[in-house]
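A.B. asks: Each step along the sequence shown adds one to the number in the numbering used here, with nothing skipped, and position 298 is 314. Cβ coordinates follow ideal geometry from the N, Cα and C atoms, glycine included. Please find one structure pasted underneath; my questions will follow.
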Amino acid sequence: MLSYRSKRHPINFYLTVAGSTVFFLLLAVYLIFFVKSGPDYKGKLPAGFAPVFGIIILFVGWYLVRTYLRSTPAVEIDGEFILIGRENWHRSALVSVDLSSKASFEFFGYYTFPATEFKFSDNSKRYVFDFLYSTTPELKLLLQADKTLQRQVERRYQPASLNLGDDVYQDYKGNAVFSFRGVMLWMFPVVAVWMLFSDWPDVWNKGTAFFVGFSLCWVCLHSFMLYYFRIGEFSLQVRNHYFFWIRKTIPFEEIEEISYSSGDRIANGLRITYRTFRTKTFRAGSLTDAQWLALAKTIRSSNIKFRKL
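Put into structure tokens, the structure is as follows:
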């Protein structure tokens, strides 16, 4: 008998909802109750502008948080019944389940995220977003184990006698300095170094210390968008251009699928889904379009399912 109850993710759900609620609430309270009494308010803004704008901010925050909550319904499977939010279906009404679907998620815009798709006999579809639940791997393993949903996937497994240390790899690296992400990474540190050695009077007292600290954080942040990949005969290796000690070798037999993850504001990357349905995304901002195409071709030739999110 199938039995499952979802648990929301502590960071992607609870922390995001709490942080957004506090942010909008504090901003609205500040605009409504404090801006109008400030010494610079009179004569510069129309009367009532700040309170009205604060109320608008409050409603915008309420709408966004409400939308986030509605996109994260409780999911429960109890024997022959499937409950998603306040809706209830008998298991016989379930037509199909797509464990590697994707859907549009609304929050400060529309974004596409991986999700589990439930399709029912009335042609309705319900999506359970992977990143919003800490129990996503358990749900997918449970659904995959269901005899009505089992599927055979041809794979090239690692022979037991093979030592992965002997695997021969082909690199997909790109340029970590002159690529777009590489230039973005070094932009602020170069300015910080100039400020440190500049003869500009009082430059240190005018923010150099803060800017140097900001530049260090900037380098760390963008370094995590500069992974690169090595494909062997039986394994995938993930390394980082700047954090040279990072070396993660993943046998193909542990991989369920690999997805190409693209974004407008973030570097492109590979999202690796393990056979346990745990996921990990590695951003590789140094790779060119031609290298991405070659990497995708190599992954497919290794009998690993590859798709674009």
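In three-state terms, what does DSSP make of residue 251?
C.D. replies: Three-state DSSP puts residue 251 in a strand.
A.B. asks: With a threshold of 7 Å on Cβ separation, who are the neighbours of residue 170 within its own chain once the five nearest residues in sequence on each side are excluded?
C.D. replies: Residue placement at residue 170 cannot be trusted, given a pLDDT of 39 that sits under 50; the coordinates are not used to answer.
A.B. asks: Out of 84, 71 and 79, state which residue places its alpha-carbon closest to the alpha-carbon of residue 29.
C.D. replies: It is 84 whose Cα lies nearest to the Cα of residue 29.
A.B. asks: Reducing DSSP to helix, strand and coil, say where residue 314 ends up.
C.D. replies: Looking at residue 314 - three-state DSSP - the assignment turns out to be helix.
A.B. asks: Pull up the DSSP beta-bridge partners for residue 105, would you.
C.D. replies: Answer by DSSP bridge pairing, in chain order: 98.
A.B. asks: Grouping DSSP H, G and I as helix and E and B as strand, with all else coil, what is residue 127?
C.D. replies: Here residue 127 sits in strand by DSSP.
A.B. asks: Could you pull the start and end residues of the beta strand (DSSP E) that residue 89 belongs to?
C.D. replies: Careful: residue 89 lies outside any beta strand (DSSP E) and carries neither H nor E.
A.B. asks: Would you call the CB atoms of residue 246 and residue 186 closer than 8 Å?
C.D. replies: Closer than 8 Å, so yes.
A.B. asks: Along the alpha helix (DSSP H) that carries residue 152, what are the first and last residues, could you check?
C.D. replies: Start and end: 152-161.
A.B. asks: Should residue 115 be listed as close to the ligand ADP, given that the test is whether its C-beta is under 7 Å from any heavy atom?
C.D. replies: You won't find the ligand ADP in this model; it holds no ligand whatsoever.
A.B. asks: On the DSSP bridge list, what partners appear for residue 243?
C.D. replies: In DSSP, residue 243 forms a bridge with 256.
A.B. asks: Run the CB neighbour count on residue 34, radius 10 Å, all protein chains shown included, and call it buried at 16 or more, exposed below.
C.D. replies: Under this definition residue 34 is an exposed residue.
A.B. asks: Taking the alpha carbon of residue 300 as the reference point, which residue from 270, 134, 237 and 25 has its own alpha carbon closest?
C.D. replies: Here the closest residue by C-alpha is 237.
A.B. asks: Flag this pair as touching only if the segment 274-290 and the segment 300-311 have three or more C-beta atom pairs under 8 Å; answer yes or no.
C.D. replies: The segment 274-290, when compared against the segment 300-311, does touch it at the 8 Å Cβ threshold.
A.B. asks: Need the endpoints of the beta strand (DSSP E) that residue 285 sits in, please.
C.D. replies: 285-290 is the span of the beta strand (DSSP E), which, as asked, contains residue 285.
A.B. asks: Considering only residues of the same chain and omitting the five flanking positions on each side of residue 77, which have a CB-CB separation below 6 Å?
C.D. replies: Excluding positions up to five away in sequence, the list reads 40.
A.B. asks: Quick check on residue 306: does DSSP put it in helix, strand or coil?
C.D. replies: Helix, per DSSP.
A.B. asks: Below 8 Å, can you find three or more Cβ-Cβ pairs linking the segment 201-210 to the segment 270-279?
C.D. replies: Taking 8 Å as the limit for Cβ pairs, the verdict is that the segment 270-279 does not touch the segment 201-210.
A.B. asks: Closer than 6 Å by C-beta to residue 109: which residues in its own chain qualify, once you throw out the five before and the five after it? Chain order, please.
C.D. replies: Cβ within range, chain order: 136 and 137.
A.B. asks: Would residue 38 be called buried (16 or more neighbouring beta carbons within 10 Å of its own) or exposed?
C.D. replies: Label assigned to residue 38: exposed.
A.B. asks: Under the rule that 16 or more other beta-carbon atoms within 10 Å means buried, what is residue 282, buried or exposed?
C.D. replies: Under this definition residue 282 is an exposed residue.
A.B. asks: Look up residue 294 in the DSSP assignment and say whether it is helix, strand or coil.
C.D. replies: It is coil, neither helix nor strand.
A.B. asks: Report, in whole angstroms, the separation of the C-beta atoms of residue 189 and residue 244, which I expect to be a contact under 8 Å.
C.D. replies: That pair is a contact at about 4 Å.
A.B. asks: When DSSP labels each residue in this structure, what does residue 192 get in the three-state scheme?
C.D. replies: Note: residue 192 maps to coil in three-state DSSP.
A.B. asks: Give the secondary structure of residue 231 by DSSP, where H, G and I count as helix, E and B as strand, and everything else as coil.
C.D. replies: Correct three-state label for residue 231: helix.
A.B. asks: Buried or exposed: where does residue 90 fall if 16 or more other Cβ atoms within 10 Å of its Cβ makes it buried?
C.D. replies: It is exposed - the Cβ of residue 90 has fewer than 16 other Cβ atoms within 10 Å.
A.B. asks: Quick check: what's the CA-CA separation for residue 131 versus residue 158?
C.D. replies: Near 15 Å, if we compare the C-alpha coordinates of residue 158 and residue 131.
A.B. asks: What is the DSSP secondary structure of residue 136, counted as helix, strand or coil?
C.D. replies: Here residue 136 sits in strand by DSSP.
A.B. asks: Find out if the Cβ-Cβ distance for the pair residue 151, residue 23 is shorter than 8 Å.
C.D. replies: For residue 151 and residue 23, yes; Cβs fall inside 8 Å.
A.B. asks: If you draw a straight line from the C-alpha of residue 183 to the C-alpha of residue 248, how long is it?
C.D. replies: So the two alpha carbons sit approximately 6 Å from each other.
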